[in-house]
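Student: Mind looking over this structure? Questions follow.
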Amino acid sequence: MSTTIALLAAEGETHNPLLPATYDITWSIVALVVVGFVFWKFVLPMFQKVLAERTEQIDGGIKRAEEAQAEAKAALEQYHAQLAEARTEAAQIREEARTQGQQIIAEMKAQAQEESDRIVAAGHSQLVAQRQQIVTELRGDLGKTAVDLAEKVIGESLADDVKRAGTVDRFLNELDAVSADSAAGK
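Counting from 606, one number per residue, gives the positions in the sequence shown under the numbering used here.
The following block contains the structure:
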């Protein structure tokens, strides 16, 4: 070993032990270029292909998500439009029902008023007929009673129908006149 050191010292050249020899640097550069070329020619295209596929999948997924979101938004808008239309239709139906109810109530009131008027008119005509019948019966009874009373007062028979009818009619007319005067005086 001492001979090696002596030889090196004799040459006068100093060699840095941290730097490799030039042939090592040259072959290392050649190996690096070969590995870089293989990597660039074969490995890098595969990585780029895989990265492109993943990018395409991600972009496609984002695009599909955006389309799905747009469809969901359109469906939501359609739902809101249908809901608003249903509410409007329900309000119209309620208003129509309210109007029909008011019409039915008005018709029922009109029918009830007509029925009431008919019943009152029927009752009035029935009362007029009964009054007429009672007046006729009373006139007959009153005429007979008046004739009987007149026969007793006068003492002669009023058998003659013409005399009797005249006397009864005169008496009833006087009675009607007295009734009319007393009714007008009230």
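Positions of the beta carbon are idealized from the N, C-alpha and C atoms, including for glycine.
#1: Return yes when the Cβ of L777 is within less than 8 Å of the Cβ of G745, no when it is not.
#2: Around the C-beta of V655, are 16 or more other C-beta atoms found within 10 angstroms, so that it is buried, or is it exposed?
#3: Report yes if the C-beta distance between V740 and V773 is below 8 Å; otherwise report no.
#4: On the three-state DSSP scale, how would you describe K636?
#5: Ends of the alpha helix (DSSP H) at F652?
#6: Do you know how far the Cα of A686 is from the Cα of A677?
#7: Could you tell me the distance, in whole angstroms, from the CA atom of E742 to the CA atom of S784?
Tutor: Answer, in terms of the structure:
#1: In the sequence shown, counting from the first residue as 1, residue 745 sits at position 140. In the sequence shown, counting from the first residue as 1, residue 777 sits at position 172. Against a cut-off of 8 Å, the Cβ pair of L777 and G745 comes out as no contact.
#2: Looking up residue 655 in the sequence shown gives position 50. Result: exposed.
#3: Position 135 of the sequence shown, counted from the first residue, corresponds to residue 740. Position 168 of the sequence shown, counted from the first residue, corresponds to residue 773. In this structure, V740 lies away from V773, with their beta-carbon atoms at least 8 Å apart.
#4: Against the sequence shown, residue 636 aligns to sequence position 31. Note on identity: in this sequence residue 636 is Ala, with Lys being the wrong assignment. Reduced to three states, the DSSP call for A636 is helix.
#5: Counting from one through the sequence shown, the residue named residue 652 turns up at place 47. Following the DSSP letters along the chain, one finds F652 inside the alpha helix (DSSP H) bounded by residues L649 to I759.
#6: For this step, residue 677 is matched to residue 72 along the sequence shown. For this step, residue 686 is matched to residue 81 along the sequence shown. Spanning the two alpha carbons is a distance of roughly 14 Å.
#7: The sequence position of residue 742 within the sequence shown is 137, counting from 1. The sequence position of residue 784 within the sequence shown is 179, counting from 1. Cα-Cα distance, rounded: 17 Å.
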